[in-house]
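Take the sequence shown: its letter number 86 is residue 102 in this note's numbering, and every next letter is one higher. Beta carbons: idealized from backbone N, C-alpha and C, even for Gly. Just so it is clear, the structure is predicted and the values come from calculations on it, not from any experiment.
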Amino acid sequence: MLRRLCWHPVQLCFGWCGGGCGAGVDGLLWHTGLKPHASGDFSIAVVQANNSLEDQGKVLASPSATYFGVFDGHGGPEASRFVNNRLFSHLHGDSAFSRFADLDMFCVVLNRVEIASEQGGLSVEVIRKAFIATEEEFLQLVKRSWLSRPSIASVGSCCLVGAITDNVLYVANLGDSRAVLGKQGSDGRSVMAERLSRDHNVAEEDVRKELAELHPDDSRIVLCNRGVWRIKGIIQKKRRRKIWSGITLPPRYPSPAGDFFSLRGEKKRLPAWGEGMLGNVSRSIGDVYLKKPSFSRDPLFQQCAAPIPLKRPVMTSEPSIRTRKLMQRDLFLIFASDGLWEQLSDEAAVDIVFKNPRPGIAKRLVRAALTEAAKKSEMKYDDIKHMEKGMRRHYHDDITVIVIYLDHLEGKASKLQGSTFDCTSAPVDIFSLNAAT
């Protein structure tokens, strides 16, 4: 039954992956070919840096609407995988899709699926309620898992969701994944970048001010630790472990700059790696221990993390939501996790999309980001390609990119015909996908 529901063989559902394709290919980079949505084309690419891929991405397309999401996990992959499976089912309310999402299907094509725009219309309130429902479901998962795995209370995910229906764009986000619009310049030959989302990251002064106003009695609500702003000064601690074949990092982990390792016979410096991303973002799905003080105070949780004295929740799952009527000058959208934006400016990313062919455009953005990451350590992207998962996290984060082209097909035939419902989802783990091929 499930096999009959898949649109194409697994390779077409998943896209194309670098592993096993010969020397010089990045085995931790996955991407799709160009695929259609109702009013244009889209492209997805993901690169894995962590031992477990913490990024997830998905596009749902029907003839009347397109949904797309980037989910950047922290503390582990559980929250981003959960949100990737559950959030869209709350947006379009289709119980059949919800059942398949729970099975973590890679590609689902259903006939005659009614999505939100066909059930009374998508709205800001529908989106807000979808976020609330997803947060509540994850909280219930944490409660069910509490006795066997209390550390799941410290797992969370940024969420960036877009929807296009009736020529209206909706953008909702928690955290610091980012949506950027590329629009035609006034001269008709150039392109301009417009940011459509708000970074809920305490590196931003307005976010720190917002937290200070919400917690006037807590002078330590945001602290600067080693040059990095964090909520309550929280640092994600990790155990020392072997993360690259033939190399065991020094006892201190993450490693400070100055340690060296050998890469293809050349001596390379290991850069400093910030101690995780926990405490950087002020809004997310999950991070229950920062939203429910009782979890942080529980002795069971304190066996796996230091207690954090909280008078009230210091994080929220309330999304920032923006709507926009699409115009002829709006050319394309870039939705990406912060791993891309750590390396490329909004303008640089938009320029790359504008000046290059559509096929493989998301992969091109990922490669541009990795090239910039390599330059910061006086290396080349080719050096990073030869690193295994885990080691790469010293140079770049997991990166997910979705590029949505806007071809303004009002009054014309949709690029998706009939009642086709297409789900394109990035793999749960690129390394594991490669190992199986």
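{"Item": "Simplified DSSP state of Asp-234, which is helix, strand or coil", "Value": "coil"}
{"Item": "Spatially closest choice to Asp-445 from Asp-203, Val-366, Ala-65, by CA coordinates", "Value": "Ala-65"}
{"Item": "Alpha carbon of Ser-235 to alpha carbon of Val-330, nearest angstrom", "Value": "13 Å"}
{"Item": "Burial state of Gly-91, where buried means 16 or more other Cβ atoms lie within 10 Å", "Value": "buried"}
{"Item": "Classification of Arg-211 by the beta-carbon crowding that lies within 10 angstroms, buried from 16 upward", "Value": "exposed"}
{"Item": "Enclosing beta strand (DSSP E) for Trp-46 [first to last residue]", "Value": "45-47"}
{"Item": "Beta-carbon proximity list for Phe-317, same chain, < 7 Å, skipping 5 on both sides", "Value": "Pro-166, Ala-169, Tyr-305, Phe-311"}
{"Item": "Gln-156 and Leu-347 closer than 7 Å at C-beta", "Value": "no"}
{"Item": "DSSP three-state assignment for Tyr-305, whether helix, strand or coil", "Value": "helix"}
{"Item": "Straight-line gap, Gly-38 to Leu-386 (C-alpha atoms, nearest Å)", "Value": "Reliability fails at Gly-38, whose pLDDT of 45 lies under 50, so the model's placement of it is uncertain and the value that follows must be treated cautiously. Roughly 20 Å between the two C-alpha positions."}
{"Item": "DSSP bridge partner residues for Lys-51 (one or two, in chain order)", "Value": "Phe-58"}
{"Item": "C-alpha distance - Tyr-411 paired with Gly-137, whole-angstrom precision", "Value": "43 Å"}
{"Item": "The stretch 368-385 contacting the stretch 219-234, beta-carbon criterion three pairs below 8 Å", "Value": "no"}
{"Item": "Under the three-state DSSP convention, the category Ile-446 falls into", "Value": "helix"}
{"Item": "Bridge partner(s) assigned by DSSP for Cys-320", "Value": "None, per the DSSP bridge assignment."}
{"Item": "Length at least 4, wholly inside the stretch 307-392: the alpha helix (DSSP H) runs in chain order", "Value": "309-313, 354-357, 362-371, 377-392"}
{"Item": "Separation of Gly-191 from Asp-303, as counted between CA atoms", "Value": "12 Å"}
{"Item": "Neighbourhood of Phe-447 by C-beta, 7 Å cutoff - its chain only, sequence neighbours within 5 removed", "Value": "Leu-44, Gln-64, Lys-405"}
{"Item": "Boundaries of the alpha helix (DSSP H) in which Ser-161 is found, first to last residue", "Value": "140-161"}
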